[in-house]
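Please read the structure below before turning to the comments.
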Amino acid sequence: MKKLFLLIFIALVGINAKADQLACLSESTAKKASKVISQQEFIVLFCGCCDDDTPQIVKVLRTKVIKDCEFQVVITYENMDGEIKSESVDLAYVWMEDPDDNGGARTVGQILKLEHDPCVLGNFVMDLLLR
Numbered sequence: 085m086k087k088l089f090l091l092i093f094i095a096l097v098g099i100n101a102k103a104d105q106l107a108c109l110s111e112s113t114a115k116k117a118s119k120v121i122s123q124q125e126f127i128v129l130f131c132g133c134c135d136d137d138t139p140q141i142v143k144v145l146r147t148k149v150i151k152d153c154e155f156q157v158v159i160t161y162e163n164m165d166g167e168i169k170s171e172s173v174d175l176a177y178v179w180m181e182d183p184d185d186n187g188g189a190r191t192v193g194q195i196l197k198l199e200h201d202p203c204v205l206g207n208f209v210m211d212l213l214l215r
């Protein structure tokens with residue numbers, strides 16, 4: 085009976101968990117990602133795997149690499165309400181315009197050819213933003 089309760093608890097906790105697919109990186113990957121992101125004027129922060137996440141268009145102000153769980157990319161940005169925020173990001177949920185496709189979007193992880201599951205197509209992200 086205890087095993088059943090434990091199994092149900094683990095399943096329920098996992099439902100709302102946001103998986104860190106590409107949050108902890110090697111130093112070289114984090115530096116590459118930081119450079120790619122810093123070259124963008126705007127990016128979209130969106131967890132395609134999360135049921136309750138809303139895409140946020142943000143203006144990139146600066147990026148940096150920090151040593152934490154290996155290395156992470158921290159983005160300082162301005163949101164659409166004019167608030168300045170800083171947060172470490174998961175490259176699976178940082179979207180930018182696809183340089184190879186007009187009208188589409190790709191995650192920074194996809195741009196850097198890192199294995200992950202963005203859970204949605206880039207065109208879906210762009211369609212959400214154009215509504």
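All letters in the sequence shown, in the order written, are residues 85 to 215 by this note's numbering. Ideal placement from N, C-alpha and C gives every residue a C-beta, glycine not left out.
Mind checking residue i: buried by the 16 CB within 10 Å criterion, or exposed?
| i | result |
| --- | --- |
| L145 | exposed |
| Q123 | exposed |
| I195 | buried |
| C153 | exposed |
| M85 | Its pLDDT being 48, under 50, M85 is placed unreliably in this model, and the coordinates cannot settle the point. |
| I127 | buried |
Under DSSP, the alpha helix (DSSP H) around residue i begins and ends at which residues?
| i | result |
| --- | --- |
| E111 | E111 to S122 |
| Q194 | V192 to I195 |
Start and end of the beta strand (DSSP E) containing residue i?
| i | result |
| --- | --- |
| T138 | T138 -> no beta strand (DSSP E), and no H or E assigned at all. |
| Q156 | F155 to E162 |
| L129 | F126 to L129 |
| E181 | V178 to E181 |
| V173 | I168 to V173 |
Since residue i and residue j should fall inside the 8 angstroms C-beta cutoff, what is the C-beta to C-beta distance between them, to a whole number of angstroms?
| i | j | result |
| --- | --- | --- |
| A117 | V192 | 5 angstroms |
Within this structure, are the beta carbons of residue i and residue j separated by less than 7 angstroms?
| i | j | result |
| --- | --- | --- |
| Q105 | A176 | yes |
| F155 | L109 | yes |
| A107 | D201 | no |
Check: Are three or more beta carbon pairs between the region 137–145 and the region 181–192 nearer than 8 angstroms?
Finding: no
Check: For the 8 angstroms Cβ check, are there 3 or more pairs between the region 154–173 and the region 111–129?
Finding: yes
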